[in-house]
Amino acid sequence: MSISPLVLLDTDLSLPLFIRGKVRDTYDLGNRLLIIATDRISAFDVVLPCGIPSKGLVLNQLSAFWFNQTRDSVPNHLVEAEGRIL
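The structure is reproduced here in structure tokens:
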């Protein structure tokens, strides 16, 4: 018997939800936005009922890497990036 990995499909924070996209949920922090990349997967503009474990974590890491690599030549919006907190 194997243990199923955790999959983050929905967020439910006690913050004002700004927008829920196909893969990311964005919350309004007043002067900043909190963007959470979930493990949801979409195909042809349809969100599928299952997710991919750690997909959101990988999306965050990829985005943070490239924002940091290009920050000196192209200003961007990244303030801080962290891994998944469960």
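FYI, the numbering used here numbers position 15 of the sequence shown as 107, with every residue one higher than the one before it.
All C-beta atoms in this analysis are idealised placements derived from N, C-alpha and C, irrespective of residue type, glycine included.
Model, not experiment: these values are computed from the prediction.
{"Check": "Could you pull the start and end residues of the beta strand (DSSP E) that Val138 belongs to?", "Outcome": "Val138 to Gly143"}
{"Check": "For Ile133, collect the residues of the same chain with a Cβ closer than 8 Å to its Cβ; drop the 5 residues on either side in sequence, then sort them by chain order.", "Outcome": "Val115, Val139, Leu140, Cys142, Gly143, Ile144 and Lys147"}
{"Check": "By the DSSP assignment, the beta strand (DSSP E) with Ala156 in it spans what residues?", "Outcome": "First-last for Ala156: Lys147 to Thr162, but that is the alpha helix (DSSP H), not the beta strand (DSSP E)."}
{"Check": "Check whether the Cβ atoms of Phe159 and Asn168 lie closer than 7 Å to each other.", "Outcome": "yes"}
{"Check": "Can you tell me whether Leu105 is buried or exposed? The criterion is at least 16 other CB atoms within 10 Å of its CB, across all chains shown.", "Outcome": "exposed"}
{"Check": "Can the beta-carbon of Phe110 be found closer than 7 Å to that of Thr103?", "Outcome": "no"}
{"Check": "Using a 10 Å radius around the Cβ and a threshold of 16 neighbouring Cβ atoms, would you call Pro108 buried or exposed?", "Outcome": "exposed"}
{"Check": "From the DSSP output, in three-state form, read off Ser134 for me.", "Outcome": "strand"}
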